[in-house]
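For the working numbering, count along the sequence shown from 1 and bump the result up by 64. Data block below; observations after.
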Amino acid sequence: MSEYQLEVEGVCKRFGGVVANDRITLSVPQGRIIGLIGPNGSGKTTLFNSIVGYHPIDKGSIRFEGREISDMRVPEIARLGVLRTFQQTRIYGKMTCVQNMQISMPHTNEGLRTMFSKYPPEVVDKAESLLEFLGLYAKRHLMAGDLSFGQQKLLEFAMALMNEPRLLLLDEPTAGINPTLINGLIERLKRSNADLGITLFVIEHNIRAIMNLAEHIYCLAHGQLLTSGPPDQIQNDQQVIDAYLGAK
Numbered sequence: 065m066s067e068y069q070l071e072v073e074g075v076c077k078r079f080g081g082v083v084a085n086d087r088i089t090l091s092v093p094q095g096r097i098i099g100l101i102g103p104n105g106s107g108k109t110t111l112f113n114s115i116v117g118y119h120p121i122d123k124g125s126i127r128f129e130g131r132e133i134s135d136m137r138v139p140e141i142a143r144l145g146v147l148r149t150f151q152q153t154r155i156y157g158k159m160t161c162v163q164n165m166q167i168s169m170p171h172t173n174e175g176l177r178t179m180f181s182k183y184p185p186e187v188v189d190k191a192e193s194l195l196e197f198l199g200l201y202a203k204r205h206l207m208a209g210d211l212s213f214g215q216q217k218l219l220e221f222a223m224a225l226m227n228e229p230r231l232l233l234l235d236e237p238t239a240g241i242n243p244t245l246i247n248g249l250i251e252r253l254k255r256s257n258a259d260l261g262i263t264l265f266v267i268e269h270n271i272r273a274i275m276n277l278a279e280h281i282y283c284l285a286h287g288q289l290l291t292s293g294p295p296d297q298i299q300n301d302q303q304v305i306d307a308y309l310g311a312k
């Protein structure tokens with residue numbers, strides 16, 4: 065079995081005449097934190113969408129734990145343990161934090177009646193335990209819409225953890241968050257990786273944040289893989305510097 069939990073090989077994705085991903089090849093080892101950076105329009109979110117099944121790739125291979133998943137739909141891939149969060153939070157603002165956690169549990173019967181039926185005590189316990197783990201326990205009965213944006217991002221992360229993912233793709237977890245709170249968020253992501261054993265693959269524009277979080281970083285530019293390496297190598301790589309300065 066491969067040492068890599070996720071293997072992306074030669075992936076191409078077009079939208080009409082626009083090449084969003086051009087022969088992307090990268091690997092994510094199990095139990096690690098891997099970063100994905102690049103200027104706006106470099107193809108990062110498109111790649112994430114392809115990995116979790118939101119749109120089919122045109123060419124190449126995507127394997128999760130040795131299994132080809134590029135021909136699978138979103139629910140099938142999610143059941144394997146591959147989930148993602150989004151730049152803009154997807155929470156239910158008119159429901160409490162605990163209720164958000166409860167309805168994020170996987171359902172075999174997707175009817176509304178099932179989703180809003182009374183949950184067993186173990187589900188409530190699990191929800192409250194994860195909220196405590198992420199520092200949101202005191203907010204558990206507040207409406208999610210009343211949380212700060214940073215707290216909403218933590219709640220969305222907690223909702224993903226309710227599904228016990230094996231690989232979690234995070235799309236700009238620090239975007240829109242008060243800079244004074246970013247270090248705390250990074251520590252919670254690291255703790256989730258270390259204590260829960262969840263592999264994290266993270267898109268991030270905040271270079272300082274991703275350098276502090278990831279142990280290996282891939283950089284995309286113009287839909288192609290520009291370079292990859294450990295954080296100290298990436299932040300001093302002239303190609304990376306030029307790509308970001310050129311984007312500005």
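Where is the CB? At the ideal position from N, CA and C, for every residue including glycine.
Name the one or two DSSP bridge partners that residue i has.
i      : result
Asn85  : Lys77
Pro93  : Tyr68
Ile101 : Cys283
Arg131 : Phe128
Phe160 : Here the sequence assigns Thr to residue 160, which means Phe is not the residue at that position. In the DSSP output, where bridge partners are listed per residue, Thr160 has Met207.
Span of the alpha helix (DSSP H) holding residue i?
i      : result
Ser193 : 185-197
Phe342 : In the structure displayed, the chain extends from 65 to 312; residue 342 sits before or after that span and is not available.
Ser125 : No alpha helix (DSSP H) holds Ser125; the beta strand (DSSP E) holding it covers 123-128.
Leu206 : Leu206 -> no alpha helix (DSSP H), and no H or E assigned at all.
Ser106 : Here Ser106 belongs to no alpha helix (DSSP H), and DSSP marks it neither H nor E.
Asp301 : Per DSSP, Asp301 belongs to no alpha helix (DSSP H) and is neither H nor E.
Report, in whole angstroms, the separation of the C-beta atoms of residue i and residue j, which I expect to be a contact under 8 Å.
i      : j      : result
Leu289 : Ile88  : 6 Å
Asn76  : Ile121 : In the sequence as displayed, the identity of residue 76 is Cys instead of Asn. That belief holds up - the Cβ atoms of Cys76 and Ile121 are roughly 7 Å apart, short of 8 Å.
Pro237 : Val266 : 7 Å
Val92  : Tyr68  : 6 Å
Pro283 : Gly102 : The sequence given here has Cys at residue 283, not Pro. Contact holds; Cβ gap of about 6 Å.
Gly209 : Leu245 : No, Gly209 and Leu245 are not in contact; Cβ-Cβ is about 19 Å, not under 8 Å.
Leu90  : Ser292 : 7 Å
Arg137 : Gly105 : About 27 Å separates the two Cβ atoms, so there is no contact after all.
Phe79  : Leu231 : Not really, about 25 Å apart at Cβ, beyond 8 Å.
Ile241 : Asn276 : With a Cβ gap of about 14 Å, Ile241 and Asn276 do not count as contacting.
Taking the alpha carbon of residue i as the point to measure from, which residue in the options has its own alpha carbon closest?
i      : options                        : result
Glu359 : Val162, Gly261, Pro229         : In the structure as shown, the chain starts at 65 and stops at 312, and residue 359 therefore has no counterpart that could be examined.
Ala224 : Val138, Lys123, Met165         : Met165
Val146 : Lys203, Ala307, Glu228         : Glu228
Glu73  : Arg131, Lys190, Thr153, Ile167 : Arg131
Leu218 : Ile167, Gly261, Arg154         : Arg154
Gly199 : Phe221, Thr110, Ile126         : Phe221
Leu260 : Lys108, Met226, Glu140, Phe150 : Met226
Gly157 : Arg272, Thr263, Leu70, His205  : His205
Lys114 : Ala273, Thr263, Asp135         : As written in the sequence, residue 114 is Ser, which differs from the Lys given in the question. With distances taken between Cα atoms, Ser114 lies closest to Asp135.
Thr149 : Lys203, Phe112, Ile305, Thr160 : Phe112
Ile126 : Ile274, Gly99, Glu71           : Glu71
Gly99  : Ala285, Glu279, Lys190         : Glu279
Leu190 : Ser168, Asp296, Gln302         : The question names Leu, yet the displayed sequence has Lys at residue 190. Among Ser168, Asp296, Gln302, the Cα nearest to that of Lys190 is on Ser168.
Ser212 : Gln303, Leu144, Ala239, His119 : Ala239
Gly247 : Ile271, Asp235, Ile262         : The sequence given here places Asn at residue 247; Gly does not occur at that position. Out of Ile271, Asp235, Ile262, Ile271 has the C-alpha closest to the C-alpha of Asn247.
Thr23  : Tyr308, Asn300, Gln297, Gly287 : Coverage of the chain is limited to positions 65 through 312, which leaves residue 23 absent and any answer about it impossible.
What is the residue span of the beta strand (DSSP E) that residue i lies within?
i      : result
Val146 : 146-148
Leu231 : 231-235
Return no unless some Cβ of chain D is closer than 8 Å to the Cβ of residue i.
i      : result
Gly287 : No chain D is present in this structure, which holds just one protein chain.
**Request:** Could you name each continuous alpha helix (DSSP H) segment of 4 residues or more that falls completely within the region 261-292, going from the start of the chain to the end?
**Result:** Within the region 261-292, the alpha helix (DSSP H) runs of at least 4 residues that lie entirely inside it are, in chain order, 271-277.
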